[in-house]
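Heads up, the thing below is written out as structure tokens.
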């Protein structure tokens, strides 16, 4: 192929099994991550049709959504029962289905257990240039290491289990280029929140995004995973960042990463994936990193972003009449008045966790703000949920857990937790939560809950002051 | 799965933009190990209001739903399609959909029709009093 191609087109072309006359292609799937919520019906379907898993060696199952983040074992090492009978049933289904179909299963109490999108890269199971799917929209996360990764529904989960392929329509391409350097206190989370506020929650629909530019290059792999994680919140099914030396250094030596001569061959191929000079995208958005501030959401869409120094917008200020109406509804739900300073908004609950922000760098960023400080008297519930048992162990080795507990926050076991409140970690109706997760939808963290999306350092700052706070004021 | 060629019936003039799949089916409904019975959970938060459209005498059981841009955004939960199907919806009409949702809908025999906003606005008016006919042949 001599035509200049984008990263997406190169990965796509390398995985086409068959191009069909209607424009769809049968695509080979390199990696399939499975969790307990979107798989029971898929396994039941395989059983009903007498089919098996075609490539168990390319499949990895781990429970994450339903697990309580309180202790999972008693002092003697016996597993504690799950109180919610439906959660227990769903977790038991995966625990039974995985070995029955020959799939590797990471147990709920294993050190490697965690949120599926933390575990994949951490284990080197997710690799650049691979096609990765999972029954979860934040699968886009793995795009941060240069994989073509996207969420699928349960019927597609069943199809991938049975055939290791998917029939797909190629997407349009969109470049989001962030140039320059971000200022102090501005993190990967703020970059992606800002991007979504510019493109809108539907700006990427029908597209696969590639994030480029010096500010993206400057991010660590964990920062890139944070950015790609929220590609879906901007409407894009996948969000890729080209792999480079930073990516290779992160992956080298991880349990499932290639070794020896295979590693060298892999790196050589990965280096060839970067978008060719002269390749074009269907849509291009250019953002100046200097425009990005530590950010917060005010409403019920991830696009509802303002700098922490800003105010709750007036619905009338939006040009589109339907956005005006939607903003008014959001403000009513969130209990906010236009013109209120974001820094005056009191916060009762803090959630530091989720596949967006629960890796070791996120733990360090929050700890740096909480060190030697205490949570404010009006903060009722503040939990820190590491993304995996390995993150938890590393955080404890660095003493971060003691910084959290000394500050009055709770240090929990890994899982999706309060991001979507399928487990007992819920935000009470009418209360606010400064949350490092990815969605502030109506009722997302519990019926009537009011979510303000922020970075880990900003969540820590809110814990200290009891209000949404400009983290730069607490930085040394 | 029943093939769709023609669908006729009342259309629910819902019309909201950016309706995410958490609104279509809240997370606690995802704890099921089957595909059945989710109609009760469809638009649960909105249906807490006794005067909601979905449970009204006029629109209860209607086979068509009219919505705004970016319908089905957010989570990939196919449960959203199962819930709509169980509610009796066979066709959704909107200016745009989340890619993941539209794929899930089609796989469950629900037709996501794309029409420009101007046409949606006219249909919303029609839907107040009259049934809507969807015909794939014409």
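Protein chains in written order, with my numbering: chain P, 66 to 541; chain V, 2 to 139.
Note that the Cβ used here is the ideal one computed from N, Cα and C, for glycine as well.
Delimiting residues of the beta strand (DSSP E) encompassing residue 7 (chain V):
Within the second chain, residue 7 (chain V) is the residue found at index 6, counting from 1. Counting along the chain, the beta strand (DSSP E) containing residue 7 (chain V) begins and ends at 7-10.
With C-beta atoms as the reference, is residue 131 (chain P) less than 9 Å away from residue 32 (chain V)?
As a position in the first chain, residue 131 (chain P) is number 66, starting the count at 1. As a position in the second chain, residue 32 (chain V) is number 31, starting the count at 1. Yes, these two residues count as a Cβ contact at 9 Å.
Since residue 299 (chain P) contacts residue 271 (chain P) with CB under 8 Å, what's their CB separation in whole angstroms?
As a first step, residue 299 (chain P) must be located in the first chain, where it is residue number 234. As a first step, residue 271 (chain P) must be located in the first chain, where it is residue number 206. 12 Å between Cβ atoms; not a contact.
Figure out for me which residue from P:243, P:82, P:202 has the closest Cα to the Cα of residue 356 (chain P).
Locating residue 356 (chain P) in the first chain gives position 291, where the first residue counts as 1. Taking only the C-alpha atoms, the option nearest residue 356 (chain P) is P:243.
Taking C-beta pairs closer than 8 Å, name the residues in chain P that residue 46 (chain V) reaches, listed in chain order.
Working through the second chain from its first residue, we reach residue 46 (chain V) at position 45. Residues of chain P passing the Cβ test: 507, 508, 512.
Below 7 Å on C-beta distance, what does residue 104 (chain V) contact in chain P?
Position 103 of the second chain, counting from 1, holds the residue named residue 104 (chain V). Residues of chain P passing the Cβ test: 218.
N-terminal and C-terminal residue of the beta strand (DSSP E) that residue 348 (chain P) is part of:
Translated into the one-based positions of the first chain, residue 348 (chain P) becomes position 283. Residues 348-353.
Could you check how far apart the C-beta atoms of residue 520 (chain P) and residue 510 (chain P) are, in whole angstroms? I think they sit under 8 Å.
Here the question's residue 520 (chain P) lines up with position 455 in the first chain. Here the question's residue 510 (chain P) lines up with position 445 in the first chain. Not confirmed; about 17 Å, so no contact.
Neighbourhood of residue 331 (chain P) by C-beta, 6 Å cutoff - its chain only, sequence neighbours within 5 removed:
In the first chain, the residue the question calls residue 331 (chain P) occupies position 266. Answer for residue 331 (chain P): 323, listed in chain order.
Am I right that residue 264 (chain P) and residue 350 (chain P) are in contact with their C-beta atoms under 8 Å? What's the rounded C-beta distance?
As a first step, residue 264 (chain P) must be located in the first chain, where it is residue number 199. As a first step, residue 350 (chain P) must be located in the first chain, where it is residue number 285. That pair is a contact at about 6 Å.
Spell out whether any CB of chain V is found under 9 Å from the CB atom of residue 102 (chain P).
Mapped onto the first chain, residue 102 (chain P) falls at position 37. Answer yes: the Cβ-Cβ gap between residue 102 (chain P) and chain V drops below 9 Å somewhere.
Helix, strand or coil: how does DSSP classify residue 138 (chain P) here?
Locating residue 138 (chain P) in the first chain gives position 73, counting from the first residue. Residue state, collapsed to three classes: strand.
Within 10 Å of its beta-carbon, does residue 251 (chain P) have 16 or more other beta-carbons around it, so buried, or fewer, so exposed?
The residue you call residue 251 (chain P) lines up with position 186 of the first chain. It counts as buried.
For the region 19-42 of chain V, which residues have a CB atom closer than 9 Å to at least one CB atom of chain P, in sequence order?
19, 21, 22, 23, 24, 27, 28, 29, 31, 32, 33, 34, 35, 36
Tell me residue 93 (chain P)'s beta-bridge partners as DSSP assigns them.
Start at 1 with the first residue of the first chain, and residue 93 (chain P) comes out as number 28. Paired residue(s): P:230.
So if I threshold CB-CB distances at 7 Å, which residues from the region 55-76 of chain V count as touching chain P?
69, 70, 71, 74, 75, 76
For residue 138 (chain P), does the count of other Cβ atoms within 10 angstroms reach 16, so buried, or fall short, so exposed?
The residue labelled residue 138 (chain P) in the question sits at position 73 within the first chain. Answer is exposed; the Cβ neighbour count stays below 16.
Report the neighbours of residue 79 (chain V) on chain P: residues whose CB is nearer than 9 Å to its CB, in chain order.
On the second chain, residue 79 (chain V) is found 78 positions in, with the first residue counted as 1. Ordered by position in chain P, the residues that pass the 9 Å Cβ test against residue 79 (chain V) are 103, 106, 200, 217, 218, 219, 220, 221, 222.
For residue 170 (chain P), which of helix, strand or coil comes out of DSSP?
Taking the first chain and counting its residues from 1, one reaches residue 170 (chain P) at position 105. Residue state, collapsed to three classes: strand.
Report the residue ranges of all alpha helix (DSSP H) runs contained in full by the region 100-138 of chain V; include only those spanning at least 4 residues, in chain order.
100-108, 118-128
Please confirm if the region 184-203 of chain P is in contact with the region 160-167 of chain P, defined as three or more CB-CB distances below 8 Å between the two stretches.
no
If we ignore side chains and look at the alpha-carbon of each, how far apart do residue 256 (chain P) and residue 10 (chain V) end up?
Position 191 of the first chain, counting from 1, holds the residue named residue 256 (chain P). Position 9 of the second chain, counting from 1, holds the residue named residue 10 (chain V). Cα to Cα, the separation comes out at about 46 Å.
Using a beta-carbon distance cut-off of less than 7 Å, what residues from the region 150-176 of chain P approach chain A?
Of the chains in the structure shown, none is chain A; the protein chains are P and V.
Test item: CB-CB of residue 136 (chain P) and residue 205 (chain P) under 9 Å
Here residue 136 (chain P) refers to the residue found at position 71 when the first chain is read from its first residue. Here residue 205 (chain P) refers to the residue found at position 140 when the first chain is read from its first residue. Going by C-beta atoms, residue 136 (chain P) is not nearer than 9 Å to residue 205 (chain P).
Please report the Cβ distance between residue 91 (chain P) and residue 83 (chain P), rounded to the nearest whole angstrom; I am assuming they are in contact, meaning their Cβ atoms lie under 8 Å.
Mapped onto the first chain, residue 91 (chain P) falls at position 26. Mapped onto the first chain, residue 83 (chain P) falls at position 18. Right, their Cβ atoms sit about 4 Å apart.
If you follow the beta strand (DSSP E) that residue 207 (chain P) is part of, which residue opens it and which one closes it?
By one-based count along the first chain, residue 207 (chain P) stands at place 142. It is not in any beta strand (DSSP E) - residue 207 (chain P) carries neither H nor E in the DSSP assignment.
Starting from residue 384 (chain P), trace the alpha helix (DSSP H) in both directions and tell me its first and last residue.
In the first chain, counting from the first residue as 1, residue 384 (chain P) sits at position 319. Neither: residue 384 (chain P) is in no alpha helix (DSSP H) and is coded neither H nor E.
Taking only the alpha-carbon atoms, compute the straight-line gap between residue 444 (chain P) and residue 531 (chain P) and give it to the nearest angstrom.
Along the first chain, one-based indexing puts residue 444 (chain P) at 379. Along the first chain, one-based indexing puts residue 531 (chain P) at 466. In a straight line, the C-alpha of residue 444 (chain P) is about 6 Å away from that of residue 531 (chain P).
Under the rule that 16 or more other beta-carbon atoms within 10 Å means buried, what is residue 137 (chain V), buried or exposed?
Position 136 of the second chain holds residue 137 (chain V). That one is exposed.
Got a sec? Which residues, its chain only, sit under 6 Å from residue 446 (chain P) by beta carbon, not counting five neighbours each side?
Reading the first chain from its first residue, position 381 is the one you call residue 446 (chain P). Cβ within range, chain order: 414.
Return the bridge partner residues of residue 87 (chain P) from the DSSP annotation.
Translated into positions along the first chain, residue 87 (chain P) becomes position 22. Beta-bridge pairing links residue 87 (chain P) to no other residue.
For the region 473-480 of chain P and the region 113-123 of chain P, state whether three or more C-beta atom pairs, one from each stretch, are separated by less than 8 Å.
no
Among P:376, P:469, P:134, the one whose alpha carbon lies nearest that of residue 362 (chain P):
As a first step, residue 362 (chain P) must be located in the first chain, where it is residue number 297. Out of P:376, P:469, P:134, P:376 has the C-alpha closest to the C-alpha of residue 362 (chain P).
Thinking C-alpha only, which one of P:508, P:354, P:406, P:155 is nearest residue 258 (chain P)?
Within the first chain, numbered from 1, the residue matching residue 258 (chain P) stands at position 193. Of the listed residues, the one whose Cα sits closest to residue 258 (chain P) is P:354.
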